[in-house]
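One line per chain: the protein sequences are A and B, in this order. The opening position of the first sequence corresponds to residue 67 in my numbering, with each subsequent residue numbered one higher. The opening position of the second sequence corresponds to residue 67 in my numbering, with each subsequent residue numbered one higher. Every residue, glycine too, gets a C-beta built ideally from N, C-alpha and C. Treat the numbers as computed from the prediction; the structure is a model and nothing was measured. Report on one structure; see the data block that follows.
There are 2 protein chains.
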Amino acid sequence: MNDDGQTPPNVTLEEIARAAGVSPSTVSRILNGSARVLPAKQKAVEQAIAHFNYRPNVLARSLASGKTDTIGVLTQTVSSPFYAEWLRGIEDGLYEPGFTPLFVSSRWNVKDEMSRMEQFIARRVDGIILLHAQIDEASLIEYSRHAPLLVLGRSVQNSSVLASLPIDNLQGARDATRHLIDEGHRKIAFIAGPRDHEDAIERLDGYRMALEEAGVGFDPELVEQGDYLETGGLAAMERLFVRGVSFSAVFCANDQTAYGARLTLFRRGLRVPEDISLVGFDDLPTSSYMTPPLTTVRQPTYEIGRLAAQGIVKMIRKQSIELSPIPLKLVTRETTQRIGPSPTPSTTPAPKRSKARRQQ
Amino acid sequence: MNDDGQTPPNVTLEEIARAAGVSPSTVSRILNGSARVLPAKQKAVEQAIAHFNYRPNVLARSLASGKTDTIGVLTQTVSSPFYAEWLRGIEDGLYEPGFTPLFVSSRWNVKDEMSRMEQFIARRVDGIILLHAQIDEASLIEYSRHAPLLVLGRSVQNSSVLASLPIDNLQGARDATRHLIDEGHRKIAFIAGPRDHEDAIERLDGYRMALEEAGVGFDPELVEQGDYLETGGLAAMERLFVRGVSFSAVFCANDQTAYGARLTLFRRGLRVPEDISLVGFDDLPTSSYMTPPLTTVRQPTYEIGRLAAQGIVKMIRKQSIELSPIPLKLVTRETTQRIGPSPTPSTTPAPKRSKARRQQ
DNA sequence: TTGTACGCGTTATCAC
DNA sequence: GTGATAACGCGTACAA
Numbered sequence: 067m068n069d070d071g072q073t074p075p076n077v078t079l080e081e082i083a084r085a086a087g088v089s090p091s092t093v094s095r096i097l098n099g100s101a102r103v104l105p106a107k108q109k110a111v112e113q114a115i116a117h118f119n120y121r122p123n124v125l126a127r128s129l130a131s132g133k134t135d136t137i138g139v140l141t142q143t144v145s146s147p148f149y150a151e152w153l154r155g156i157e158d159g160l161y162e163p164g165f166t167p168l169f170v171s172s173r174w175n176v177k178d179e180m181s182r183m184e185q186f187i188a189r190r191v192d193g194i195i196l197l198h199a200q201i202d203e204a205s206l207i208e209y210s211r212h213a214p215l216l217v218l219g220r221s222v223q224n225s226s227v228l229a230s231l232p233i234d235n236l237q238g239a240r241d242a243t244r245h246l247i248d249e250g251h252r253k254i255a256f257i258a259g260p261r262d263h264e265d266a267i268e269r270l271d272g273y274r275m276a277l278e279e280a281g282v283g284f285d286p287e288l289v290e291q292g293d294y295l296e297t298g299g300l301a302a303m304e305r306l307f308v309r310g311v312s313f314s315a316v317f318c319a320n321d322q323t324a325y326g327a328r329l330t331l332f333r334r335g336l337r338v339p340e341d342i343s344l345v346g347f348d349d350l351p352t353s354s355y356m357t358p359p360l361t362t363v364r365q366p367t368y369e370i371g372r373l374a375a376q377g378i379v380k381m382i383r384k385q386s387i388e389l390s391p392i393p394l395k396l397v398t399r400e401t402t403q404r405i406g407p408s409p410t411p412s413t414t415p416a417p418k419r420s421k422a423r424r425q426q
Numbered sequence: 067m068n069d070d071g072q073t074p075p076n077v078t079l080e081e082i083a084r085a086a087g088v089s090p091s092t093v094s095r096i097l098n099g100s101a102r103v104l105p106a107k108q109k110a111v112e113q114a115i116a117h118f119n120y121r122p123n124v125l126a127r128s129l130a131s132g133k134t135d136t137i138g139v140l141t142q143t144v145s146s147p148f149y150a151e152w153l154r155g156i157e158d159g160l161y162e163p164g165f166t167p168l169f170v171s172s173r174w175n176v177k178d179e180m181s182r183m184e185q186f187i188a189r190r191v192d193g194i195i196l197l198h199a200q201i202d203e204a205s206l207i208e209y210s211r212h213a214p215l216l217v218l219g220r221s222v223q224n225s226s227v228l229a230s231l232p233i234d235n236l237q238g239a240r241d242a243t244r245h246l247i248d249e250g251h252r253k254i255a256f257i258a259g260p261r262d263h264e265d266a267i268e269r270l271d272g273y274r275m276a277l278e279e280a281g282v283g284f285d286p287e288l289v290e291q292g293d294y295l296e297t298g299g300l301a302a303m304e305r306l307f308v309r310g311v312s313f314s315a316v317f318c319a320n321d322q323t324a325y326g327a328r329l330t331l332f333r334r335g336l337r338v339p340e341d342i343s344l345v346g347f348d349d350l351p352t353s354s355y356m357t358p359p360l361t362t363v364r365q366p367t368y369e370i371g372r373l374a375a376q377g378i379v380k381m382i383r384k385q386s387i388e389l390s391p392i393p394l395k396l397v398t399r400e401t402t403q404r405i406g407p408s409p410t411p412s413t414t415p416a417p418k419r420s421k422a423r424r425q426q
């Protein structure tokens, strides 16, 4: 255990105290600013700290103080471009109040989600943010006895230690579909997300609702199953053609699905939007760089992430918070186009051009 | 401090011991399997654990044992699609050996990088993986005295506690450029990455080297400055046109840059690859879904991440590791096309079609 | 095989 | 203001 040159020379608070000729408590006080100390001692300690390059042991500190300044963040996968923005927002929002996020992925698996939650509790995180968690509500309540929980993209029975920030997928999908209808489309296909995803179901519902509200009627034939991934969109689009159904527009449950669908259209030599209009959902950073730029429903993920970070911190500090559902907004770009007998007798409506949106 | 129904009912090892009628050390032994215990006691303890829903306090455990089973992962930004794959690989690779990654972003800022390193050390992580870190080598060596370091995308003086896994950007860029030359291109523009990024410089060098090797010669006029982001690619491409230089192909320092450049081409009504060939670098998951699918240099990021995870674990266990530089491979898709007087007297070469590549 | 006692590095509660 | 002293929850020699 002696210094062989390789052993980490981790200095302790006690050694600093000895070097500075004060007691450990004084050093601790200076470190935390928890009380006034004579300037002379203050200086001596600071010099010792600098000299030995002392770094307080976070674990010991947490063990003694009972708080870790750590927030567990349960995401489905760190690698999805969609979650990435959320994580960035959370990280940024947590930075200023001095908390560190602990990101883990559960791979869309409820069992994994629960084991990750156990890990969080074992690590004594001060709070937890869950993204699209599928854990049942009873378990959430149980977990919330250990640390405040903030659930994103879902609605649960709120309490002082369990909050939720729902996202209005239904409204977003309805707006998008209505936009296509307004542009004259009647045969609008839909490529759905995973059957067991709450938000995927809501988006399907929004699509259906808009159709019915407009008197167009919902046609199951026009719906194909996707999986929120590019491959799924690609295959679903292909099946739509193989089945021979006719349509002038396609609404995809998310942007990645739209990317896949767009490739199938390209393969088949169909133009977007001249032949087929295309709409996505999420507004991923790259969607404004699709060819042509994708019309989609924007989810302000980064901002939501920041909101969530601020929210969980407030909960930890036992302050009350109120979270109103996040509204989504349609971003009209260039993959949609008016179709059919135009109400106004224009000859060839020029394709609209919205300015390219900046990506951070 | 009494149970008011809200206080986290965190059971301790000692309470388990009392409930099971054994000593704390016995419980500890059972938890860690560090010694044989009478089946009867074993069972009693396990029942108590289940009954009280006991979860060992990770902090206390780490403080006592001196290891945290945690790996600090310093990334530049969690939100980049490029890093996302690395992180996923790292997380997966760390899972089996029982380590937890601690992801933090330094936002391409050396000062942030160093403060994050301090945090890692303060948290007593068992090892650290750095992605594209710009910290000077002397500091790295200093940090490596506290925990083994593995540096990705860079080459440093290796030791038993400091390893690096270089990525051969130069070779990748050279291959890509050579491919364009082979296809008959002579005027090949290049949109560079940030001036202070080592890999960006290497890619520029590879481009230049290929040109010189082929006797085409390097022309500074054909080089524009980008920033590895879509906006940068968009603007750089635009400047290329404004400056009036002529070219038949564009090689972008990374895929995101290519996305931006592609949009400018679209805006100007130029077809890819019929009018201009386009090549990227990285092979992001969405690049195979670009319209048309992007020819690019593939970096096996996920696999590199797994390799890194395994590597750092070995270093922690004081096993020797050997990391050979990662070769990159050109993936020929549909944004490049033969040009000019074709050596073989074909009339109109049909655009090549590679099968769409799966994403994860 | 099992229990006791101490240490891990801090914070917090006391007196002084 | 400052310094002992006792937690914090667990691992682990050491002894039994």
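Residue i, DSSP secondary structure in three states
{"i": "A229 of chain B", "result": "strand"}
{"i": "T414 of chain B", "result": "Confidence in T414 of chain B is poor, its pLDDT being 40 and thus under 50, which makes the residue's placement unreliable; the coordinate value appears in the next sentence. Coil at T414 of chain B, not helix or strand."}
{"i": "D248 of chain A", "result": "helix"}
{"i": "N68 of chain B", "result": "In this prediction, N68 of chain B has a pLDDT of 35, which is less than 50 and means its spatial position is unreliable; nothing more can be read from the coordinates."}
{"i": "S128 of chain A", "result": "helix"}
{"i": "V77 of chain A", "result": "coil"}
{"i": "Y161 of chain A", "result": "helix"}
{"i": "I254 of chain A", "result": "strand"}
{"i": "L277 of chain A", "result": "helix"}
{"i": "V379 of chain A", "result": "helix"}
{"i": "Q237 of chain A", "result": "helix"}
{"i": "K395 of chain B", "result": "strand"}
{"i": "Q108 of chain A", "result": "helix"}
{"i": "F186 of chain B", "result": "helix"}
Residue i, buried or exposed, once every other Cβ within 10 Å from all chains shown has been counted against 16
{"i": "V308 of chain B", "result": "exposed"}
{"i": "E157 of chain B", "result": "buried"}
{"i": "R182 of chain A", "result": "buried"}
{"i": "Q365 of chain A", "result": "buried"}
{"i": "S172 of chain B", "result": "buried"}
{"i": "L216 of chain A", "result": "buried"}
{"i": "G406 of chain A", "result": "exposed"}
{"i": "G281 of chain B", "result": "exposed"}
{"i": "E400 of chain B", "result": "buried"}
{"i": "P351 of chain B", "result": "buried"}
{"i": "G99 of chain B", "result": "exposed"}
{"i": "Q385 of chain B", "result": "exposed"}
{"i": "V167 of chain A", "result": "Here residue 167 of chain A is Pro; the residue named in the question, Val, does not match the sequence. P167 of chain A is buried by the Cβ-count criterion."}
{"i": "D202 of chain B", "result": "exposed"}
Proximity test, residue i beta-carbon vs the ligand MN heavy atom, cut-off 8 Å
{"i": "A229 of chain B", "result": "Within the structure as shown, the ligand MN is missing, as the structure has no ligands at all."}
Residues that residue i bridges to, as DSSP identifies them
{"i": "S386 of chain A", "result": "Its beta-bridge partners do not exist; DSSP assigns none."}
{"i": "L140 of chain A", "result": "A:V170 and A:L196"}
{"i": "G346 of chain B", "result": "B:T362"}
{"i": "L215 of chain B", "result": "B:I194 and B:L228"}
{"i": "A86 of chain A", "result": "Paired residues: none, contrary to the question."}
Among the options, the one whose alpha carbon lies nearest that of residue i
{"i": "S131 of chain A", "options": "A:H117, A:Q142, A:S94 and A:E112", "result": "A:S94"}
{"i": "D192 of chain B", "options": "B:V176, B:E203, B:A213 and B:A324", "result": "B:A213"}
{"i": "Y209 of chain A", "options": "A:E340, A:Q223, A:G219 and A:L228", "result": "A:L228"}
{"i": "E304 of chain A", "options": "A:L277, A:F332, A:G219 and A:F284", "result": "A:F332"}
{"i": "G47 of chain A", "options": "A:S100, A:G99 and A:I115", "result": "With chain A represented from 67 up to 426, any question about residue 47 of chain A goes unanswered, as that position is not in the structure."}
{"i": "L97 of chain A", "options": "A:Y120, A:E369, A:F148 and A:F256", "result": "A:Y120"}
{"i": "T402 of chain A", "options": "A:R211, A:F317 and A:A83", "result": "A:F317"}
{"i": "R190 of chain A", "options": "A:Q237, A:I201, A:S205 and A:V139", "result": "A:V139"}
{"i": "E162 of chain A", "options": "A:F186, A:D135, A:L206 and A:K384", "result": "A:D135"}
{"i": "D285 of chain A", "options": "A:Y325, A:A255 and A:K384", "result": "A:A255"}
At least three beta-carbon pairs within less than 8 Å, the region 232-245 of chain B to the region 284-291 of chain B: Counting C-beta pairs with one atom in each stretch, the region 232-245 of chain B and the region 284-291 of chain B have fewer than three that are closer than 8 Å, which means they do not touch.
Cβ contact check for the region 144-159 of chain B and the region 136-145 of chain A: 3 or more pairs under 8 Å: The region 144-159 of chain B, when compared against the region 136-145 of chain A, does touch it at the 8 Å Cβ threshold.
Meets three-Cβ-pair contact criterion under 8 Å: the region 321-339 of chain B and the region 352-370 of chain B: The answer is yes - the region 352-370 of chain B touches the region 321-339 of chain B, with three or more Cβ pairs under 8 Å.
At least three beta-carbon pairs within less than 8 Å, the region 336-345 of chain B to the region 385-394 of chain A: These segments do not touch.
At least three beta-carbon pairs within less than 8 Å, the region 312-327 of chain B to the region 376-387 of chain B: Short answer: they don't touch.
The region 223-242 of chain A touching the region 265-276 of chain A, judged by at least three CB pairs closer than 8 Å: Contact between the region 223-242 of chain A and the region 265-276 of chain A is present: 3 or more CB-CB pairs across the two stretches fall below 8 Å.
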